[in-house]
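A quick write-up on the structure given underneath.
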Amino acid sequence: MWQTAIATAVRNQRSNLRAFPWNFTLGHIIEGAYLVLVAYFSYVYLIQGDLDDKFALYTGTNNYLAFAIIGGTLNIFCVSMMMNVSRSLITEWREGTLEALLLSPSSRNGYFLGTAVQQFYRSGLILAAVLAFGILAGLRLPAPHLLSVLAGAFLFILSTYAMALVMGSVMLLTRDTYIVQNTLFTVMTLLCGFQFPRQYLPRFLKMAAEVFPLTTSLQLLRGALLTGETVSLTDLLPALLLSLVYITVGLWCISRVERRLFEQF
């Protein structure tokens, strides 16, 4: 599995450098910088720092800029990760290499892990660039609990990977990427609380958000960064188990869709 993961990561990196070196990366950096500027100008000039009293109650802090910038940055990061991992197999199908991949004895889990590792490198560059814009805009964080931040970051990345596998199976089944990914990203951005506390949502939408492992992992990671909250194993367990369920379902669905495609084409 690890040999497949390393080979896939190296192949994808070479392909990206030769075919479209910085197009997607630069586009996401510009999107992140725009998001930081919107948060800054909205807070300073539109609402002039006047926050609802419930905001501090829901988030544990009055630092709206940090809340919005961290949420927007993590949103761009997970969208970039999910989009490229989920589109990997349908890209193979469009390029005519899916049949060779299906006939090869390579590990399918290793293939997706290699794709995720290579995309993590690219998304990390985007994350660093957007955070640099955020610091210039006034992003300030208290001293966080390092182990809690690392645990929250691991869970957030795992949740992103798990949801990407499920989305990838839907893309491969429908042979569509645009509608599937944009629909999921819109719903996910609304429900998971990237730009505003989920407590402002109606109750049925808050309950629907619990279907996504990103909801809990985002809350834990942002809480560790914003307020220095300590993340315990019991806090991690629900999202961790849900992510494992997503990974299992995603790999199973992908194997079924692959068999169906191979029989048809």
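The numbering of the sequence shown is this note's numbering, which starts it at 5 and goes up by one.
Don't be surprised by glycine CBs; every beta carbon is placed ideally from N, CA and C.
Given a threshold of 16 other Cβ atoms within 10 Å of its Cβ, counted over all protein chains shown, does residue i qualify as buried or as exposed?
{"i": "S163", "result": "buried"}
{"i": "D180", "result": "exposed"}
{"i": "R126", "result": "buried"}
{"i": "R226", "result": "buried"}
{"i": "T101", "result": "exposed"}
{"i": "Q203", "result": "exposed"}
{"i": "Y68", "result": "buried"}
{"i": "Q7", "result": "exposed"}
{"i": "S2", "result": "Because the chain here runs from 5 to 269, residue 2 falls outside it and cannot be looked at."}
{"i": "G128", "result": "exposed"}
{"i": "P148", "result": "buried"}
{"i": "F45", "result": "exposed"}
Name the two residues that bound the continuous alpha helix (DSSP H) containing residue i.
{"i": "A104", "result": "102 to 107"}
{"i": "C4", "result": "Nothing in the structure corresponds to residue 4, since the chain is present only between 5 and 269."}
{"i": "I51", "result": "Unbroken run through I51: none, as it is neither H nor E."}
{"i": "M167", "result": "150 to 178"}
{"i": "E214", "result": "Run containing E214: none; DSSP gives neither H nor E here."}
{"i": "R202", "result": "Run containing R202: none; DSSP gives neither H nor E here."}
{"i": "R144", "result": "Counting along the chain, R144 falls outside any alpha helix (DSSP H), and DSSP gives it neither H nor E."}
{"i": "G232", "result": "G232 -> no alpha helix (DSSP H), and no H or E assigned at all."}
{"i": "D57", "result": "57 to 63"}
{"i": "T95", "result": "92 to 99"}
Nearest to residue i by alpha carbon, out of the options?
{"i": "T119", "options": "L135, G64, A11", "result": "A11"}
{"i": "V170", "options": "W256, F200, L143", "result": "W256"}
{"i": "I33", "options": "A9, I130, M86", "result": "I130"}
{"i": "L145", "options": "C196, N16, T65", "result": "T65"}
{"i": "C196", "options": "I183, M86, M211", "result": "M211"}
{"i": "Y182", "options": "S90, T220, N113, L222", "result": "S90"}
{"i": "R263", "options": "I94, A70, L106", "result": "L106"}
{"i": "Y165", "options": "L55, S92, S108", "result": "S92"}
{"i": "G142", "options": "L222, A70, V153", "result": "A70"}
{"i": "E233", "options": "I258, R207, L150", "result": "L150"}
{"i": "L218", "options": "G138, S110, P242, I94", "result": "P242"}
{"i": "R98", "options": "L61, T63, F189, T178", "result": "T178"}
{"i": "F160", "options": "R207, I94, L224", "result": "L224"}
{"i": "L154", "options": "S221, L265, P206", "result": "S221"}
{"i": "E214", "options": "N20, L244, M87, A9", "result": "L244"}
{"i": "R18", "options": "V40, Q123, L246", "result": "Q123"}
{"i": "F158", "options": "L140, V121, A43", "result": "V121"}
{"i": "N16", "options": "L41, F116, L140, V48", "result": "F116"}
{"i": "F59", "options": "L265, P201, F189, M87", "result": "P201"}
{"i": "A9", "options": "I139, G156, G114, T252", "result": "G114"}
{"i": "F198", "options": "I139, V253, T63, Y250", "result": "T63"}
{"i": "A37", "options": "G138, R22, L61", "result": "G138"}
{"i": "V184", "options": "M87, R112, L140", "result": "M87"}
{"i": "A168", "options": "T252, R22, E103", "result": "T252"}
When you measure from the CB of residue i to every non-hydrogen atom of the ligand GTP, does any distance come out below 6 Å?
{"i": "F124", "result": "Within the structure as shown, the ligand GTP is missing, as the structure has no ligands at all."}
Is there contact between the segment 130 to 140 and the segment 74 to 85, where contact requires at least three CB pairs shorter than 8 Å?
yes
*Counting pairs of Cβ atoms below 8 Å between the segment 225 to 244 and the segment 65 to 75, do you hit three or more?*
yes
#### Entry: Stretch pair the segment 173 to 187 + the segment 234 to 248: three plus CB contacts closer than 8 Å
no
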